[in-house]
Amino acid sequence: EVLRGTPTSLYGNDAVGGVVQLVTRVPEFEGAATQARGEAFASFDTAELGKTVRGTIDFGNNALASSFSAEYLKTGNRRTGSGDRIGPSGYEAKAARLAVAGKPTDDRSWSFDVHYLEQPETPRVDELVPGFGQSEPSSSEFFFAPNRRIFVHGKYTVAEGPAGLDWNADVAWQRIDADRISRDFEATDRRRESNSSDLYGLTLSASRLTDLGSWIVGAELYHDEVGSQRLEVDLLTGSSQTLASRFPDGSRVRQAAVYGNIQRQVSDRHNLSFGVRVSNDDVTLPVTAVSSAADIDSTDVSGDLGWIFDVSERWHILANVGLGFRAPNVFDLGTLGNRPGNRFNVPNTTLDSERVTQADLGVRYRTDRMRFDLMVYALRYDDRITSVGTGDVTPDGRDIVRSVNAAESSIRGVEAGVDVRIGDALSARAVLNYSWGEQEVTGSDPEPADRIPPLNGNVMLSYDAGGDYRLESWIRFADAQDRLSARDVRDSRIDPQGTPGWAVIGARLEKEYAQHWQLSVAVDNLLDKRYRVHGSGLDAPGRNLMISARYTWQ
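If you want it as structure tokens, here you go:
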């Protein structure tokens with residue numbers, strides 16, 4: 009699901025820039041007989057020497073179904089359009105998922121889900137490769153080792169339960185380990201960090217679907233515990249010492265909220281939606297050697313209002329307005345250590361919430377052969393948390409910064425997209441996006457906002473006659489971006505003269521074989537263009553040949 013606007017009532021008070029939600033597939037079968045189905049997939053690409061293998065098997069019937077899947081990915085150093093392989097940039101990842109779902113009666117269902125993901129050692133490329141304005145890299149070592157996520161989720165649903173409502177209850181636990189190994193360039197001291205987060209969640213909602221629309225009310229409760237330790241080892245002597253951790257060890261975050269949202273067809277041509285959320289955020293940080301203890305408790309209201317006007321069967325007008333806020337978290341308040349862009353962050357435990365006001369207006373056109381959308385939007389940040397220099401520099405040359413509520417930003421933009429069926433087998437799609445941002449940091453003149461992408465888009469042609477073959481080709485492009493903030497200019501990932509524009513072309517051919525096989529051959533950046541997406545710490549892949557095979561059975 010992709011939602012524009014500020015849908016804070018349903019997705020949280022900090023959903024201030026739109027929402028992209030991935031809905032995990034739940035295993036499901038029809039009929040009482042035991043059934044099985046599965047899928048296997050393998051791929052290889054030449055730009056990063058990437059190899060992927062994954063498989064899924066589902067087993068069960070309409071009353072009880074299960075699914076198990078696993079995936080392994082390994083890449084090498086990236087080859088860019090210059091012809092060079094930039095390294096170290098390769099990494100390894102492995103993941104697995106087990107899901108079980110039951111439907112004891114027609115109106116009751118439950119599911120249980122376990123996810124595991126690990127990247128054993130992932131290099132921070134922009135720290136290990138010299139950036140713009142640098143003659144040497146910032147670090148000799150910088151690895152996330154490991155990055156790991158464990159997620160456990162249980163869900164229970166009752167249709168037309170008490171009070172005639174549909175009830176949903178969710179309980180979940182997530183563990184994230186974000187350990188690091190780092191060493192400044194040519195330094196003899198290696199730092200090892202252990203950073204973890206244990207997040208517990210409980211949600212309950214009740215909803216009803218009526219002839220005129222729908223409504224939902226719910227409550228949420230989250231509790232997050234942060235663990236953090238740091239050790240420094242002298243490579244010459246082997247001695248070690250404990251350092252102040254990246255985050256205050258034992259920090260806690262509690263979030264509680266109640267919300268409601270209603271969507272209603274108020275007339276034949278008008279559809280309205282309205283939602284409100286009341287949230288409480290309580291962040292507790294213990295005292296450390298470099299920062300004082302803090303307990304920030306804030307309660308605030310966020311909400312959203314939407315309108316759809318059916319001008320005709322083909323033309324529709326859409327509008328949304330929303331208010332949101334983002335309370336400071338442990339990262340904002342207590343981070344101590346290196347940050348991207350050759351910076352070193354020191355804690356600030358006196359931050360307040362950011363506040364956002366957003367509005368958008370658009371038109372939508374639909375026929376059997378064409379879909380067109382045009383949206384304009386404006387977004388205003390007040391009390392935005394930003395990284396501000398203290399005027400000091402670390403011994404190894406990093407700018408010392410701290411987070412403060414010192415910025416006000418405005419972002420405006422246009423999004424346009426069109427899908428056209430040119431013939432029975434040929435279709436085209438085009439997307440164009442433009443954003444413009446300005447910010448003002450206390451004590452400074454207005455300037456361009458940080459890391460605003462340039463004008464960008466893509467055009468794709470697809471041929472699908474309904475047979476065994478499908479063909480598509482595309483061009484992706486971005487204009488130059490030379491509207492840079494002072495922070496952008498100092499960021500070693502961004503050319504201080506601006507990021508040049510670029511365009512790349514590619515194509516893909518897919519073939520169905522013997523009903524069960526799908527083979528795909530694709531090439532991207534066909535002309536081997538050297539380019540960088542604005543704000544990235546690494547040039548994009550050069551010419552890339554991708555081959556994949558998928559086998560499905562049931």
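Sequential numbering from 9 applies to the sequence shown in the working numbering. Positions of the beta carbon are idealized from the N, C-alpha and C atoms, including for glycine.
For D318, the three-state secondary structure derived from DSSP is strand. Counting only residues of its own chain and dropping the five nearest sequence neighbours on each side, S481 has a CB closer than 6 angstroms to the CB of L469, A515. The criterion of a C-beta distance shorter than 8 angstroms is satisfied by T130 and F151. Where R410 is concerned, there is no enclosing alpha helix (DSSP H), although the beta strand (DSSP E) around it starts and stops at 407-429. Taking C-beta atoms under 8 angstroms as the contact rule, V298 and A252 qualify, at a distance of about 5 angstroms. For Y19, the enclosing alpha helix (DSSP H) starts and ends at 16-19.
Residues A433, R478 of the same chain have their beta carbon placed closer than 7 angstroms to that of D472, with the five preceding and five following residues left out of the count.
Ranking S147, P355, L125, G91 by CA distance to the CA of V133 puts S147 first. Counting only runs that start and end inside the region 226-260, there is no alpha helix (DSSP H) element of at least 4 residues. For the set L527, V541, L553, the Cα lying nearest the Cα of A48 is the one of L527. Taking the C-beta atoms as reference points, F333 is found no nearer than 8 angstroms to T402. Bounds of the alpha helix (DSSP H) holding R495 are 494-498. If you keep only unbroken alpha helix (DSSP H) runs of at least 4 residues inside the region 440-528, you get 494-498. The closest CA to that of D503, considering only G330, S493, R238, is found on S493. The way I'd put it, the region 269-284 does touch the region 12-23; three or more beta-carbon pairs between them come closer than 8 angstroms. A contact is defined here as three or more CB-CB pairs under 8 angstroms, and the region 209-220 meets this definition with respect to the region 228-236. In chain order, E144, P145, S146, S147, S148, D404 place their CB closer than 8 angstroms to the CB of F193, counting only its own chain and leaving out the 5 sequence neighbours on each side.
A straight-line Cα-Cα distance of about 17 angstroms links D400 and P348.
E36 carries a coil assignment under DSSP once its states are collapsed to helix, strand and coil.
Taking the Cα positions, R262 is about 6 angstroms away from D289.
For the options S443, G451, L463, the alpha carbon positioned closest to that of A457 is the one of S443.
Residue pairing from DSSP places Q263 in a beta bridge opposite Y230, D289. One alpha carbon belongs to V396, the other to A55, and they sit about 38 angstroms apart. Judged by beta-carbon spacing, F255 lies within the 8 angstroms limit of G342, meaning their Cβ atoms are closer than that value. The C-alpha of T365 is placed about 40 angstroms away from the C-alpha of I189.
Counting C-beta pairs closer than 8 angstroms gives fewer than three between the region 174-185 and the region 529-543, which falls short of the contact rule.
Cα atoms of E38 and S222: separation of roughly 28 angstroms, rounded to the nearest angstrom. In the DSSP assignment, D303 forms a beta bridge with T292.
DSSP places L136 within a helical segment (H, G or I) once states are collapsed to three. In the DSSP assignment, D432 falls outside any beta strand (DSSP E), carrying neither H nor E.
In the three-state scheme derived from DSSP, where H, G and I count as helix and E and B as strand, G95 is classed as coil. Secondary structure of D547 (DSSP, three-state): coil. Listed as beta-bridge partners of Q271 by DSSP are S222, S281. With distances taken between CA atoms, G98 lies nearest to L81 out of S275, A41, R157, L81.
Boundaries for G68: no alpha helix (DSSP H) harbours it, while the beta strand (DSSP E) harbouring it runs 59-68, taken from the DSSP string. Between N533 and G84, the beta carbon gap of about 17 angstroms keeps them out of contact (Cβ cut-off 8 angstroms).
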